[in-house]
Amino acid sequence: MRHYFFKGSVKTMLVDDSQIVANLMVVICTKLGITNHDEYSLVLEDLENQENIDNRNYGTLTLKRRREEKERDAKMDQLRKKLHTDDDVNWLDPSKTLREQGIDENETVLLRRKFFFSDQNIDSHDPVQLNLLYVQARDAIINGTHPITQEKACEFAGIQCQIQFGDHVETKHKPGFLDLKEFLPQSYIRVKGIEKKIFAEHKKHFGKNELEAKVTYTKNARALKTYGVTFFLVKEKMKGKNKLVPRLLGVTKDSVLRLDEKTKEILQTWPLTTVRRWGASPNTFTLDFGDYSDQYYSVQTTEAEQIQQIIAGYIDIILKKKQAKDHYGIEGDEGSTMFEESVAPHKATILQHELSKVGKLNTESLAKPAVMRAGSDGEKTFSTGMMGSAQHTIVSGQVSVGHAPPTVRARYLHTYYIVYY
């Protein structure tokens with residue numbers, strides 16, 4: 011058993027490092043009160059740690075990384091940094107243990123949402139998931155993953171002020187108070203008078219507590235066109251030319267997207283349900299949409315494995331939800347209480363009291379008028395008498411109550427919250 015750290019207000023958690031990451035997610039999310047563990051995963055904190063781990067891990071991953079780095083030209087590297095794609099996100103392999111991936115108790119890993127499927131249901135009633143969602147959305151907005159206008163940037167920064175500082179105070183919250191790089195995308199930091207605009211937005215949320223402000227922030231983030239999209243920078247062949255050009259490939263909970271590599275404008279959409287099969291190789295990724303498209307969509311990429319994991323993950327979640335709906339008659343009831351019921355076979359003897367029905371006692375005479383006739387042998391003597399009184403027999407006693415097995419109780423999973431940030 012080892013201690014691993016989950017970044018936030020950094021918390022330690024005791025986990026079994028002999029278990030694969032997929033199994034650890036069940037334990038970690040249960041302790042945090044998160045039921046949809048299949049939508050979360052672990053990320054190594056930074057690339058420097060990843061390179062150190064690769065060096066310890068017999069050098070094989072290091073060689074692979076160096077080979078991939080040589081294949082990336084300068085233009086693609088520049089675009090990748092600017093667009094903040096998922097190419098360089100160090101998701102841990104869910105099919106391997108932490109130890110197999112070279113991670114020991116001194117490493118720091120982050121708990122992050124990998125699949126944006128049921129996040130629409132998250133509100134102030136689920137403060138743990140709300141906080142995780144807010145932090146992830148905030149970071150994506152500030153680092154430029156979600157391209158937004160200056161006006162939108164000020165709106166988000168104003169809500170962030172309400173979350174971090176509470177209600178606006180004129181004498182305190184004025185230009186020079188904020189460290190703008192923690193509130194705005196890089197492109198807007200040097201805009202003249204922008205801090206004043208942020209505080210103008212801050213005033214609009216007066217009276218909201220921290221949870222209410224986080225709900226507002228995440229609700230506005232969900233309205234962004236790029237929200238919930240996992241981006242990969244790829245190369246595709248130009249139509250009618252034998253030339254490869256940069257393009258963004260995006261995956262969401264319900265579609266596969268082609269996007270402009272500069273503006274992230276959606277150029278083409280394929281519903282995820284139309285994906286029939288895909289092929290991944292070290293340098294290419296190909297999608298077959300069956301009858302929905304008359305040709306395959308093929309791109310050049312060194313991240314084919316990551317792309318197929320995201321697509322397969324969403325399809326797996328969709329199938330699980332569908333099976334749950336077919337079985338229970340509900341869809342995505344994230345708010346229901348999670349419980350475990352243990353039913354074991356028992357042999358029991360049940361004894362019951364039989365209530366005797368005591369009726370009214372009636373006494374009757376059996377004597378009837380008779381006609382005396384002489385028999386064939388002539389007259390004979392006869393005797394008379396009376397019948398004895400009615401005999402009543404009363405049987406009394408008691409019924410012993412046998413031992414009944416105790417009722418099997420439902421065992422609720424107790425959850426322990428670890429609040430981040």
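In the working numbering, the protein residues as written are 11 to 431.
We treat Cβ as the ideally placed atom computed from N, Cα and C, and that holds for glycine.
Pair within 7 Å by beta-carbon distance, residue i and residue j
i: L269; j: T279; result: no
i: F175; j: I151; result: no
i: K274; j: P157; result: yes
i: T311; j: F295; result: yes
i: C164; j: K207; result: yes
i: V145; j: L52; result: no
i: S9; j: L282; result: Nothing can be reported for residue 9, as the shown portion of the chain is limited to 11 through 431.
i: P185; j: E205; result: yes
i: K263; j: Y198; result: no
i: W288; j: L277; result: no
i: A314; j: A290; result: yes
i: R122; j: D27; result: no
i: G238; j: V138; result: no
i: T228; j: A322; result: no
Of the residues the options, the one placed nearest residue i, counting alpha carbons only
i: Q1; options: L142, K249, E222 and V138; result: No statement about residue 1 is possible, as the shown extent of the chain runs from 11 to 431 and does not include it.
i: T107; options: T312, D177 and V31; result: V31
i: E246; options: L143, V309 and Q29; result: V309
i: D98; options: L188, R287, H212 and M86; result: M86
i: V201; options: N33, T159, S291 and K263; result: T159
i: G154; options: R109, L52, H183 and L234; result: L234
i: N116; options: L54, R148 and A84; result: L54
i: I317; options: K332, L140, G260 and R148; result: G260
i: R90; options: I132, L243 and K21; result: L243
i: D103; options: P185, Q29 and A290; result: Q29
i: Y306; options: E205, E161, T284 and Q111; result: T284
i: D48; options: D129, R257, A84 and T22; result: D129
i: M35; options: Y302, Y227, W101 and L329; result: W101
i: P256; options: K21, G43, Y50 and A84; result: A84
i: L194; options: D149, D304, E220 and K41; result: D149
Simplified DSSP state of residue i, which is helix, strand or coil
i: S197; result: helix
i: V179; result: coil
i: I360; result: With a pLDDT of only 48 at I360, under the threshold of 50, the placement of this residue in the model should not be trusted, and no figure is reported.
i: P157; result: coil
i: E246; result: strand
i: L108; result: coil
i: I30; result: strand
i: G300; result: helix
i: P185; result: coil
i: K21; result: strand
i: F209; result: helix
i: G217; result: coil
i: I317; result: helix
i: W101; result: strand
i: E168; result: Checking the displayed sequence, the identity of residue 168 turns out to be Gly instead of Glu. Helix, per DSSP.
Nearest-angstrom beta carbon gap, residue j and residue i [assumed within contact, 8 Å]
i: D189; j: F216; result: Actually they are not in contact, since the Cβ atoms of D189 and F216 sit about 22 Å apart, beyond 8 Å.
i: V225; j: L142; result: Wrong, their Cβ atoms sit about 14 Å apart, outside the cutoff.
i: D96; j: T240; result: 5 Å
i: I327; j: F127; result: 5 Å
Proximity test, residue i beta-carbon vs the ligand FAD heavy atom, cut-off 6 Å
i: F295; result: For the structure depicted, the ligand FAD is absent and the ligand set is empty, with no information on it obtainable.
Exercise. What beta strand (DSSP E) runs, 3 residues minimum, are completely inside the stretch 269 to 295?
Worked result: 276 to 281 and 287 to 290
Problem set entry | Start-end ranges of the beta strand (DSSP E) lying completely within the stretch 116 to 141, minimum 3 residues | 118 to 123
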